[in-house]
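Shown next, in structure tokens, is the structure this report addresses.
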Amino acid sequence: MVRKPPNYCPDCGSELQEKHHDGRERGYCQNCSELFFQSPRPTAWTVVHEDEKAVFVRTSNGPWSVPGGFVEVDESAAEGAVRELEKETNLRVSSEQIELIRTGFHMNDPDDGSLLSICFAVPRSEVTGQMRPKNEIAEVEFCCPDLLEKRGERIRSVDEHRHEVAILKARSL
């Protein structure tokens, strides 16, 4: 699995040729007889919500987003989502308490390549811990996305959608 389409073989350094395989053009090394696949990297996110509000985080130079990040090789998507939530906000919840609300595919992200996004939701009443920014997070806020936009602050469009889906799901219960 590679982040961006490779041009050279990572094993021998030869320039890759294109070869049709499984209905797609793929990178192929003639020296090694190897095909190279570009697969999405899995990410997991948790929308902590109450009424129209949700928890949003921001790094020092980035837009606001829902807490989340990359899933580690030895964990489920739900485990990754709760680990990232605690790592970024100090809020804790078990992986059994969060509910899958959406999956999506984001191709050619300028920073991270192709991503498989797995989003969970949990009511605020089910999380514990004192909310505060941790690690790479500079700010954490429990608010409506509209408030961030009114202040002229950017929220990633994919995170606006995650928030909307979580709120709609909560209303239908």
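Its first residue numbered 1, the sequence shown is counted upward by one per residue in full-length UniProt numbering. The beta-carbon is built from N, C-alpha and C at its ideal position, and this holds for glycine as well.
Inclusion of G80 and V71 in the CB contact set at 7 Å is warranted, their separation being smaller than that value. Distance from the CA of R162 to the CA of Y8, rounded to the nearest whole angstrom, comes to 37 Å. Remark: C-beta atoms of W45 and C119 approach each other more closely than 7 Å. Nearest neighbour of H21 by Cα position, chosen from L116, F36, D146, turns out to be F36.
Cβ neighbours of I101 within its own chain (closer than 6 Å, five residues either side excluded): C119, A121, V165, A166, K169. Under the 10 Å beta carbon count, G23 is surrounded by fewer than 16 other beta carbons and is classified as exposed. Residue burial annotation: P10 is exposed, with fewer than 16 other C-beta atoms found within 10 angstroms of its C-beta. In this structure, the alpha-carbon of N61 lies about 12 Å from that of I155. By a beta-carbon distance limit of 8 Å, N90 does not contact R41. Their separation comes to about 25 Å. One Cα belongs to R171, the other to V73, and the distance between them is close to 34 Å.
In this structure, the alpha-carbon of V55 lies about 17 Å from that of S95. For I137, no alpha helix (DSSP H) run applies; the uninterrupted beta strand (DSSP E) run containing it begins and ends at 137 to 143, by DSSP.
A straight-line Cα-Cα distance of about 18 Å links P5 and N31. For R26, the enclosing beta strand (DSSP E) starts and ends at 24 to 29.
DSSP places T89 in the uninterrupted alpha helix (DSSP H) bounded by 77 to 89. Across the structure, H49 and G13 are spaced so that their CA atoms are roughly 49 Å apart. For T128, the closest alpha carbon among the candidates A77, Q97, G68 is that of Q97.
Per DSSP, the beta-bridge partners of E15 are Y8.
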